[in-house]
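Novice:
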Amino acid sequence: MAKPVRRRLRKLLPWAIGLFAGGIVLALAIAYSGIFNIAASAGHPVLLEWLLTLGKERSVIVNSKPVDVPDLDIAGLVPLGAAHFQGGCATCHRTPGQKLNPVYGQMLPSPPDLKVHAPMWTRKQLFWMVRHGIQFTGMPAWSGDGRDDEVWAVVAFLEALPSMNTVDYLKYASGNSKDIIAAQAGEVASQGRPKINITACSRCHDTDNAPPTSPYVPSLGGQNKAYLKRTLHEYHSDLRQSGFMELIAVELDSEHINNLADYYASLKPSVSKPAQNVSSEGAMLAVHGDLSHKIPACLSCHGANKRPDYPRLAGQSEQYIKQQLLVLQRGIRAKTPYGAIMTTIAKRLTEQQMGAAAAFFASQSPTERTEHKTGEGLRQ
Amino acid sequence: MKWVWMIFCVMALLIIAGCDGRQSAFTALGPVSSRITLLTWIMFIGAAFITLLICALIVISIAGPADWRHKLTSEKSIVWGGMVFPVVTLTALLIYGFLVLKAGGTLSQAENPVHISVIGEQWWWRVIYRHDDGHTTESANELRIPTGRPIEIELSTADVIHSFWIPAYAGKVDMVPGRTNILHFIADKPGTVTGQCAEYCGGAHALMSFYTVAMTPSDYDAWLAKERMDAKPALAHEGEQVFLSSGCAGCHTVRGIPADGKIGPNLTHVGSRLSLGAGILPNTKEGFAKWISQHKTVKPENLMPPFDIFSESELQALSSYLDSLE
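Line by line, the protein sequences give chains A and B. Read in order, the letters of the first sequence are residues 1 to 380 in UniProt numbering. Read in order, the letters of the second sequence are residues 1 to 326 in UniProt numbering.
#1: Where does Val278/A sit, in a helix, a strand or coil, going by DSSP?
#2: Can you give me the C-alpha to C-alpha distance between Gln135/A and Leu228/A, rounded to a whole angstrom?
#3: Would you call Glu314/B buried or exposed, if buried means 16 or more other Cβ atoms sit within 10 Å of its Cβ?
#4: When you compare only the Cα positions, how much space is there between Tyr96/B and Leu38/B?
#5: Check each residue of the stretch 243 to 257 of chain B: if its Cβ is closer than 7 Å to any Cβ of chain A, include it; give the result in chain order.
#6: Is His256/A helix, strand or coil by DSSP?
#7: Taking the C-alpha atoms as reference points, what is the distance between Gly195/B and Trp125/B?
#8: How about Thr27/B and Pro167/B: do their beta carbons lie closer than 9 Å?
#9: Which ranges would you report for the alpha helix (DSSP H) in the UniProt domain "Cytochrome c" (187 to 268) of chain A if only whole runs of at least 4 residues count?
#10: Would you say Leu291/A lies against chain B (beta-carbon separation less than 9 Å)?
#11: Out of Ile153/B, Lys172/B, Glu152/B, which has the shortest C-alpha to C-alpha gap to Ile161/B?
#12: So the beta strand (DSSP E) Gly307/B belongs to, where does it begin and stop?
#13: Is there at least one Cβ from chain A nearer than 9 Å to Gly261/B's Cβ?
#14: Can you check which of these residues, Cys251/B, Gly256/B, Ser319/B, is closest to Pro282/B by C-alpha distance?
#15: Determine the direct distance from the alpha carbon of Ile295/A to that of Ala314/A, and round the result to whole angstroms.
#16: According to DSSP, is Tyr211/B part of a helix, a strand, or is it coil?
#17: Rounded to the nearest angstrom, how far is the Cβ of Lys124/A from that of Val69/A, given a contact under 8 Å?
#18: Quick check on this structure: which residue in Arg240/A, Gln353/A, Val103/A, Leu108/A has the alpha carbon closest to the alpha carbon of Met284/A?
#19: Counting only C-beta atoms, is Ile309/B closer than 9 Å to chain A at any point?
#20: Can you list, in chain order, the residues of its chain with a C-beta nearer than 7 Å to that of Val278/A? Leave out the 5 residues immediately preceding and following it.
#21: Give the DSSP-derived three-state secondary structure of Ser293/B in the structure shown.
#22: Quick check on Pro305/B - is its C-beta less than 9 Å from some C-beta in chain A?
#23: Below 9 Å on C-beta distance, what does Thr350/A contact in chain B?
#24: Look up Asn302/B in the DSSP assignment and say whether it is helix, strand or coil.
#25: Could you give the distance in angstroms between the alpha-carbon of Ile116/B and the alpha-carbon of Pro150/B?
#26: Could you check which residue in Leu224/B, Tyr211/B, Pro177/B, Ser311/B has the C-alpha nearest to that of Cys201/B?
#27: Would you mind giving the Cβ-Cβ distance between Gly134/B and Phe210/B, rounded to the nearest angstrom? I have them listed as a contact below 8 Å.
#28: So that I know if they touch, is there some Cβ in chain B lying closer than 9 Å to that of Ala153/A?
#29: When you compare only the Cα positions, how much space is there between Trp50/A and Ser64/A?
#30: Beta carbons nearer than 7 Å to chain B: which residues of the stretch 325 to 350 of chain A have them?
#31: Below 6 Å CB to CB, which residues in the same chain sit around Lys322/A once its five sequence neighbours on both sides are set aside?
#32: Runs of 4 residues minimum, wholly inside the UniProt domain "Cytochrome c" (76 to 162) of chain A: which ones carry the alpha helix (DSSP H) assignment?
#33: Under three-state DSSP, which class holds Pro217/B?
#34: Sorry if obvious, but does the Cβ on Val130/A come closer than 8 Å to a heavy atom of the ligand FMN?
#35: Could you tell me whether the Cβ of Lys229/A comes closer than 9 Å to any Cβ of chain B?
#36: My output table needs one value for Gln196/B: the three-state DSSP class, helix, strand or coil.
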């Protein structure tokens with residue numbers, strides 16, 4: 001029984017090889033001849049459009065299946081996602097109340113209005129598209145390697161976007177930065193129409209009278225100058241990963257960085273309300289460490305009178321510190337020598353310990369920290 | 001042919017290295033290790049004789065005269081040569097072995113022993129000297145002992161199984177989690193030998209070594225009194241400042257300054273030790289600089305975080321400071 005079947009298959013084999021080779025030759029011939037018109041202005045034939053859309057949608061649906069959706073703190077993440085959307089996405093995707101820039105409108109496919117399109121996708125699918133980008137559409141992948149936590153902030157914003165009006169959007173996107181005032185004709189003629197600039201730090205960060213717009217954003221007022229300078233340089237040269245900060249830092253030169261570090265170092269720390277649930281575990285970890293797991297006391301580096309290129313943590317939000325510890329634990333910050341030190345230690349922490357240490361620093365007053373004595377945290 | 005020579009040279013080097021008495025099981029410098037060495041020689045020579053005897057019997061059984069071969073197959077030679085001889089020899093050796101094992105044990109009743117605790121850690125040694133007044137002094141990666149006095153070492157581990165072995169003084173004793181093993185020995189004369197972890201304990205096991213310095217009792221007492229003191233105030237404060245502000249104190253203790261981390265080796269008198277990194281780098285200013293800046297390549301997998309953040313002047317200041325902790 002098996003023999004005749006195999007013989008017949010063997011007879012078909014040369015035909016199959018011939019067809020396959022012919023197909024390759026035909027494809028090469030079409031590509032080389034240039035008869036296929038790739039002009040964006042030409043659009044896609046209806047059938048091709050249907051096929052490409054089908055392929056794109058199925059690819060997003062299938063590839064996004066393994067994505068694990070974390071619990072999203074929507075209220076905390078939306079301002080952060082909105083500020084990034086303004087700087088990184090709005091150019092192509094337009095903002096509420098604004099018409100699509102005709103230059104980007106001529107892309108093929110034309111970037112969708114996300115107010116309409118975002119609700120068509122699930123949370124997983126939105127994450128997958130923002131994180132990985134989409135080939136042949138101009139949609140880029142996330143620029144902060146491994147920073148999935150940041151992508152989720154954009155996803156949270158995209159879910160909130162359809163219900164936002166222009167006023168809501170501008171409030172979130174401009175954060176603590178100055179209101180956009182309708183300018184006089186002369187000013188417009190010489191300086192252009194004022195708009196929210198991507199390098200306006202206070203879109204997210206604190207000012208002298210307002211805390212950061214989101215608990216996932218660090219407070220910079222009173223931070224060590226050397227640390228601020230180092231960090232901006234690390235973002236600028238793609239050593240520290242962040243899809244939010246890299247595109248801003250790349251616009252800054254050394255002089256900007258120096259001036260900004262000076263500015264924030266001398267800025268009065270914004271007063272935020274201290275965290276409520278401070279466990280004794282957090283204080284123990286900060287002051288004494290955890291000998292059995294080889295975790296040194298947090299304050300041996302992050303206390304008073306330490307290196308100015310180490311960050312001060314007192315008064316930072318619990319969410320921000322914990323998120324950075326998780327990022328460190330995953331080895332995402334190990335590219336910088338400073339990050340490599342903390343990566344070693346973060347890998348020894350449990351998630352509970354991270355939360356406890358973060359809560360401890362969040363409960364510390366940022367203004368009193370200069371009064372700590374050397375080694376205060378070390379004596380047992 | 002080149003590689004044959006290479007292999008030859010490496011082998012020769014290895015053998016020559018074995019002749020260095022500092023870490024040789026054949027160089028016994030105390031009564032406990034002397035007995036072990038004697039047992040070793042008896043075993044070696046006896047085994048050599050028995051091997052020769054067996055070879056001779058095999059030759060005879062194959063090519064010997066017919067009457068010799070016939071005699072070999074007799075019941076008498078099988079009973080005496082195959083049963084009585086091994087039983088008697090092995091029993092004698094067993095009893096002798098037990099006696100040698102007990103040799104250290106008899107020292108446990110000795111008066112006025114020196115009490116030291118050694119705790120194996122991945123991948124270094126925590127050494128705690130127990131004073132007669134009940135106080136303790138912690139040190140690391142080096143053992144100092146007086147000659148002529150019985151030494152009692154409590155061996156334990158902070159993590160996995162290690163094995164404590166100073167070939168010149170005693171046999172190896174395992175450091176087992178949840179247990180404390182006691183090792184006794186005596187050093188006959190002053191000198192410096194090396195010890196080594198003798199049980200695979202993870203990545204840097206081969207680089208977990210230490211020096212043991214036997215000193216005359218008066219030298220030892222003087223050394224211990226000095227070891228017990230706090231570190232002298234630093235002459236140049238720059239290095240001490242780098243040490244304190246960079247977080248070194250989170251893991252390392254230097255008595256006398258606000259540095260009492262217990263995770264890593266105690267550095268109070270690190271400058272006076274013979275080696276750095278548990279017996280792997282010379283204790284010099286350059287050695288400190290090399291350890292701080294390159295310890296991840298010098299001793300791969302060691303648990304200290306990499307500190308590639310220091311400027312050249314900070315590194316020099318920190319190295320000078322540590323080197324000055326004598």
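C-beta: ideal position from N, C-alpha, C; glycine also. Quantities reported herein were computed from a predicted structural model and do not represent experimental measurements.
Specialist: Let me spell this out:
#1: coil
#2: 36 Å
#3: buried
#4: 11 Å
#5: Leu244, Ser245, Ser246, Gly247, Ala249, Gly250, Cys251
#6: helix
#7: 11 Å
#8: yes
#9: 225 to 236, 246 to 249, 254 to 266
#10: yes
#11: Lys172/B
#12: According to the sequence shown, residue 307/B is Phe rather than Gly. It is not in any beta strand (DSSP E) - Phe307/B carries neither H nor E in the DSSP assignment.
#13: yes
#14: Ser319/B
#15: 19 Å
#16: strand
#17: 6 Å
#18: Gln353/A
#19: yes
#20: Ala359, Phe360, Ser363
#21: helix
#22: yes
#23: Result: empty, since nearest Cβ-Cβ is about 17 Å, beyond 9 Å.
#24: coil
#25: 11 Å
#26: Pro177/B
#27: Rounded, the Cβ-Cβ distance is 26 Å, inconsistent with contact.
#28: no
#29: 21 Å
#30: Pro337, Tyr338, Ala340, Ile341, Thr344, Ile345
#31: Met354, Gly355, Ala358
#32: 90 to 93, 102 to 105, 114 to 117, 123 to 132, 148 to 160
#33: helix
#34: Absence of the ligand FMN from the depicted structure is noted, as is the absence of any ligand whatsoever, leaving it without description.
#35: no
#36: strand
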